[in-house]
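Residue numbers (the working numbering): 2 to 305.
Below is one structure; the comments refer to it alone.
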Amino acid sequence: MSAEHPGAGTGVGFCGLELAHPIINASGTFDAIAARRAFGEELLERFPFAAFVSKTVTVAPRQGNPPPRLWELAAGMINSIGLPNKGLHGYLEHDLPALSELPVPLIVNVMGFSAAEVATLVEAFGERDEVAALELNVSCPNVETGLVMGADPHEISLLLERVRPLSAKPLIVKLTPNASDVPAVARAAEAAGADAVSLINTIRGMALHPATGEAWLGGITGGVSGPTVRAIALAQVHAVAAAVSIPVVGMGGVAGGRDALDLLRAGATLVAVGTESFRDPAAAARIAQELAALAGDPAPASLI
Ligand SMILES: Cc1cc2nc3c(=O)[nH]c(=O)nc-3n(C[C@H](O)[C@H](O)[C@H](O)COP(=O)(O)O)c2cc1C
Numbered sequence: 002m003s004a005e006h007p008g009a010g011t012g013v014g015f016c017g018l019e020l021a022h023p024i025i026n027a028s029g030t031f032d033a034i035a036a037r038r039a040f041g042e043e044l045l046e047r048f049p050f051a052a053f054v055s056k057t058v059t060v061a062p063r064q065g066n067p068p069p070r071l072w073e074l075a076a077g078m079i080n081s082i083g084l085p086n087k088g089l090h091g092y093l094e095h096d097l098p099a100l101s102e103l104p105v106p107l108i109v110n111v112m113g114f115s116a117a118e119v120a121t122l123v124e125a126f127g128e129r130d131e132v133a134a135l136e137l138n139v140s141c142p143n144v145e146t147g148l149v150m151g152a153d154p155h156e157i158s159l160l161l162e163r164v165r166p167l168s169a170k171p172l173i174v175k176l177t178p179n180a181s182d183v184p185a186v187a188r189a190a191e192a193a194g195a196d197a198v199s200l201i202n203t204i205r206g207m208a209l210h211p212a213t214g215e216a217w218l219g220g221i222t223g224g225v226s227g228p229t230v231r232a233i234a235l236a237q238v239h240a241v242a243a244a245v246s247i248p249v250v251g252m253g254g255v256a257g258g259r260d261a262l263d264l265l266r267a268g269a270t271l272v273a274v275g276t277e278s279f280r281d282p283a284a285a286a287r288i289a290q291e292l293a294a295l296a297g298d299p300a301p302a303s304l305i
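Take a look at the structure:
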């Protein structure tokens, strides 16, 4: 590891966790339970992520959005999956026991439609030894105020003030890029006790049915991800890392070691791989290797 590329080639500390390398998964983009069914014990022996982030869990079970749920872009996709999940009790009963067998720390991603719902989730997972940290997905409207929790610094302060005292586990606030001042939201999260922030979540986008001109996706709009959002992610991670002192998890369009290195250089401590794992389920291991090789390389001779 070189001082210039911290954490790239060896272990990295994050919110009190010791991780083998800086590459984790982005929530909702790698189903570790299905992957274990497909790859068996080999998945556990060669687990590609240094920590595993669950897909979003809500208090009540959700079916998700009506189909179609995906639209492929030239470099990425728009998804309107709509966060289908078994709900808190189904997750505790079925998914948590399976995910606790993974050989890496488990980060559970939760989302509530009110501060009270987020509090229920933080309290429930906060007392589980299997859970190393919580990621709060705040990209949804608060039904009590109508405001998207993660788009407004005041909303984020109120939310954190409510849930921070409920658990000693690290709280990672997953910021939405669909906000006018993302660094201001990050600062508010830090001031109210967040241990880390992660970004970017998907960017709102839309596709039309080529014949009818109607919205293609069942959810009308969806979230854009993949290489298309990479430059936006880099700019937002750079701005947020300059605005806060807590660690930043960078993500958005990472498809190779160089993309991961860029986010680390922009100030991220960890890098999450998302959409690329759909194209190549082994992407994270490749990206970690490419990153380590880049970090070990001597600085390239000046090209100009
Ligand atoms: C199919 C799909 C499902 C996703 N599900 C979730 C989710 O459940 N919770 C969440 O916080 N983010 C979710 N995301 C957002 C990703 O975690 C990530 O923030 C975003 O896709 C940007 O990274 P990427 O360009 O590498 O995919 C999802 C993204 C995709 C493409």
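By construction, the Cβ of each residue, glycine as well, lies at the ideal position given by its N, Cα and C atoms.
Review point. Does the beta-carbon distance from L167 to V123 come in below 7 Å?
Key: For L167 and V123, yes; Cβs fall inside 7 Å.
Check your understanding: Going by DSSP, which residues form a beta bridge with M1?
Key -> Any answer about residue 1 is impossible in this case: the structure gives the chain only from 2 up to 305.
Point to revise | Given N138 as reference, the closest of F50, L265, Q237 and G83 once Cα atoms are compared | key: By alpha-carbon distance to N138, the top candidate from F50, L265, Q237 and G83 is G83.
Check your understanding: For A185, which of helix, strand or coil comes out of DSSP?
Key -> Three-state DSSP puts A185 in a helix.
Check your understanding: Count the other CB atoms within 10 Å of the CB of V109; is the residue buried (16 or more) or exposed (fewer)?
Key -> Classification of V109: buried, given that the 10 Å Cβ count is 16 or more.
Check your understanding: With C-beta atoms as the reference, is P171 less than 7 Å away from I201?
Key -> Cβ distance not < 7 Å, so P171 and I201 don't count as in contact.
**Study point:** Residues near A120 by beta carbon distance below 7 Å, same chain, minus five either side
**Key:** R163, V164 and L167, listed in sequence order.
Point to revise | Nearest candidate by alpha-carbon position, reference V105, set V255, L18, L271 and N66 | key: Closest option to V105, Cα to Cα, is L18.
Review point. Distance, Cα to Cα, E145 vs E136?
Key: E145 and E136 have their C-alpha atoms some 22 Å from each other.
Point to revise | Contact set for L44: own chain, Cβ-Cβ below 7 Å, skip 5 residues either direction | key: For L44, where only same-chain residues beyond five positions count, the Cβ hits under 7 Å are A36 and R37.
Review point. Leaving out five residues before and five after A190 in sequence, what residues of the same chain have Cβ atoms less than 7 Å from its Cβ?
Key: Counting only Cβ-Cβ distances below 7 Å, and skipping sequence neighbours, we find I157, L161, V174 and V198.
Review point. Is the beta carbon of N80 within less than 6 Å of some heavy atom of ligand 1?
Key: For ligand 1, a non-hydrogen atom lies closer than 6 Å to the CB of N80.
Review point. Is it right to say H90 is buried, meaning 16 or more other beta carbons lie within 10 angstroms of its own, or is it exposed?
Key: Exposed, since its Cβ has fewer than 16 Cβ neighbours within 10 Å.
Review point. Can you round the beta-carbon distance between I79 and V225 to whole angstroms, since I take them to be within the 8 Å contact cut?
Key: Taking C-beta atoms under 8 Å as the contact rule, I79 and V225 qualify, at a distance of about 5 Å.
Check your understanding: If A185 sits next to P142, beta carbons under 8 Å apart, how far is it from one beta carbon to the other, in whole angstroms?
Key -> Not really, about 19 Å apart at Cβ, beyond 8 Å.
Point to revise | ligand 1 heavy atom lying under 6 Å from the CB of A27 | key: In this structure, ligand 1 has a non-hydrogen atom nearer than 6 Å to the beta-carbon of A27.
Point to revise | Inter-residue Cα distance where the pair is F15 and L218 | key: Roughly 37 Å between the two C-alpha positions.
Exercise for review: In the DSSP assignment, find the unbroken alpha helix (DSSP H) run with S226 in it and report its ends.
Suggested key: For S226, no alpha helix (DSSP H) segment is defined; the enclosing uninterrupted segment is the beta strand (DSSP E) at G223 to S226.
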